[in-house]
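Scroll down for the structure; my scribbles are underneath it.
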Ligand code: C2E
Ligand code: CA
Ligand code: CA
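Numbering (my numbering), first residue to last: 103 to 767.
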């Protein structure tokens, strides 16, 4: 029966505490828990104060029983509090603790009030005043401490003050009655303050919780790519840190793959960003669909994705997974009824085989991708240990470029472009040469891409252009200058304006300058390059599409450029006389240039046989070792004076450096 009543009372308290949200319960628990020892200290001093002042008027059992029991109880609670204080409480446990506090907040004041009132009955005037004083003061303190637990505070106030005030008013003693009235007014004020404060407390807790939720939401947004919903670059690197630490501890392997889409930029340019975005979403879906849970896919930005492969896959298994991804990407996509074909290349690096830190692992995977894009586009490739030397060399060159006195160390060599109809030098192509005191002579094919990566290429281009123009200003007026630009040089209006300024400040007529842009650079950002190229063309400069045939440009895209010349890449020219496929390609490219109404330069002509084929196909401008490798400006004299004299090119063979062979075969 008693147990049942206790259970009912407990349920009442517990259910009441369940009405509060978890944030409130936790905040209440923390506030009350931090005050618990103080509450006990105040109660103990009050109870012992009452006990000692009334011991002479009351029997000992009455004066001391409650203080002794309460002291034991308080000590036990404080010991328990000390041992559990730093422990994490679940919301359920915190709720139970709060229900317990409310229950005790009901029981203890009943016991203490009854005891104090019993002593009040036997005490003299001084004892009575003391009892009233102790009860009033300790009541105020406890109510203030339990302010956040409104029900408990009200309970205590009612249990302590109502009987006390009633009893004081009934004494007939003016001083005690006045005290009662004063206590009644003060306690009413106190309860009002408790009400207001607990409301503020709730509001503060709720707004803190809302703020926390918003910041958690922001945190999620900051870590996810808003377009695809995949983890973003930041989350990828933080996961990579964690996974490497885990792999290190547990002697596991871990692979990082960088995936880059081939042909994505062209889709963006041709069909617009909306289609490009939808394509990226579909790519993300396909990647998630094809990869298991042991692979974490992130989007690093643009059309670059990262794979974090956590299983103990062997290298061949990694490549197999890569093949699977690449083949899934090769399957055409359909975006708003547009059929889109792209491919993806992947570079892998494995921990601990090739790198041990997150940064190194990423760099190795990125390098493997870079190499793979050149040699094995559309497929996966692994960073091999041997490549570590290349990567090391690359970073040495990068450092050397940063430290270089570029003005002094860079020079320009020139290679003639011959008009085979008139046997004249039609133009000279400027080719960069870098003599570094740190790393020696470095080929432009090596340092230009590195300078592009490290943001130095703009400065390099301007230095080279000034030097090339200074030399070209000394040439006969009908010899043009061909100058190579990198993708970076035509990527913004400001950069093009700088080039234009250098051209305008030179003594060379802009109509004598051809700017060469590689097909891959031009296709990087078609709209931007087109605008840049148009600006250069308005100056009067010619625009050549370099290395034509090696990129992925379509005719439609080519048409978008105001080109004056295309340069057929030397890979199609090598052994042209022996390779029917090359022959067909050169033949159709020459026909294409005629149809488009642009000039065509055939690069890399090395033998008389190759030249004969080009001549037979109606090619007019050729360039290659057959006439001359690139030479310093000081050695151009023979070519240029031969021109002036309008002499046949073979006369020029007197020059030692330039070794033109029979121009007319
Ligand atoms: P490119 O513009 O295609 O230049 C032609 C490259 O082919 C030159 O290499 C030249 O020396 C080489 N070459 C010429 N004729 C023959 C031949 O008959 N057979 C063979 N096997 N090779 C031949 P180089 O000077 O090492 O330049 C390499 C690349 O570096 C250039 O290719 C160009 O893309 C880039 N580059 C050179 N100078 C500059 C520059 O000032 N600015 C920029 N952005 N790129 C430059
Ligand atoms: Ca070139
Ligand atoms: Ca070329």
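Quick reminder that beta carbons are idealized off the backbone N, C-alpha and C, glycines included.
- One alpha carbon belongs to residue 479, the other to residue 540, and they sit about 33 angstroms apart.
- The Cβ-Cβ distance between residue 196 and residue 131 falls below 7 angstroms.
- Residue 211 sits in a helix when the DSSP states are folded into three classes.
- Bounds of any beta strand (DSSP E) do not take in residue 506, whose DSSP letter is neither H nor E.
- Straight through space, the alpha carbons of residue 534 and residue 734 are spaced by roughly 10 angstroms.
- Within the same chain, Cβ atoms closer than 7 angstroms to the Cβ of residue 577 are found at 742, the five residues on either side in sequence being excluded.
- Under the Cβ criterion (8 angstroms, minimum of three pairs), the stretch 334–352 counts as touching the stretch 396–415.
- As the crow flies, the alpha-carbon of residue 236 is around 51 angstroms from that of residue 319.
- Beta-bridge analysis with DSSP links residue 409 to 359 and 399.
- Nearest Cα to residue 522 within the set 327, 704 and 180: 704.
- Shortest gap from the CB of residue 415 to any heavy atom of ligand 2: 6 angstroms or more.
- Taking all protein chains shown into account, residue 545 has fewer than 16 neighbouring C-beta atoms within 10 Å of its C-beta and is therefore exposed.
- Of the candidates 135, 559, 378 and 663, the residue whose Cα lies closest to the Cα of residue 637 is 663.
- Distance from the C-beta of residue 586 to the nearest heavy atom of ligand 2 is below 6 angstroms.
- By a beta-carbon distance limit of 8 angstroms, residue 707 contacts residue 724. Their separation comes to about 5 angstroms.
- One alpha carbon belongs to residue 510, the other to residue 648, and they sit about 28 angstroms apart.
- Residue 159 and residue 221 have their alpha carbons spaced roughly 8 angstroms apart.
- Put simply, the backbone Cα of residue 618 is about 26 angstroms away from that of residue 363.
- The beta carbon of residue 485 is closer than 7 angstroms to those of 449, 450, 451, 456, 466, 467, 469 and 470 in its chain, skipping five residues each way along the sequence.
- The DSSP-derived three-state label of residue 416 is coil.
- Inter-segment contact for the stretch 368–386 and the stretch 305–322 is absent: fewer than three beta-carbon pairs are separated by less than 8 angstroms.
- The C-beta distance from residue 641 to residue 683 rounds to 39 angstroms, too long to fall under 8 angstroms, and the pair is not in contact.
- Counting along the chain, residue 159 sits inside no beta strand (DSSP E), nor does DSSP assign it H or E at all.
- Under the DSSP assignment, residue 241 falls in the alpha helix (DSSP H) whose first and last residues are 227–247.
- The closest CA to that of residue 605, considering only 680, 494, 732 and 639, is found on 639.
- For residue 669, the enclosing beta strand (DSSP E) starts and ends at 667–670.
- Of the heavy atoms belonging to ligand 1, at least one sits nearer than 6 angstroms to the Cβ of residue 732.
- Between the stretch 264–275 and the stretch 141–155 there are fewer than three inter-stretch CB-CB distances shorter than 8 angstroms, so the stretches are not counted as touching.
- Unbroken beta strand (DSSP E) runs of no fewer than 3 residues, entirely contained in the stretch 584–624, are found at 615–620, following chain order.
- Less than 7 angstroms divides the Cβ of residue 729 from the Cβ of residue 520.
- In the three-state reduction of the DSSP assignment, residue 222 falls in the helix class.
- The Cβ-Cβ distance between residue 414 and residue 355 falls below 7 angstroms.
- Secondary structure of residue 444 (DSSP, three-state): coil.
- Distance check between residue 169 and each of 185, 187, 186 and 148 places 148 closest, using alpha-carbon atoms only.
- Rounded to the nearest angstrom, the gap between the Cα atoms of residue 240 and residue 144 is 6 angstroms.
- The residue from 565, 567, 550 and 607 with its alpha-carbon nearest to that of residue 589 is 550.
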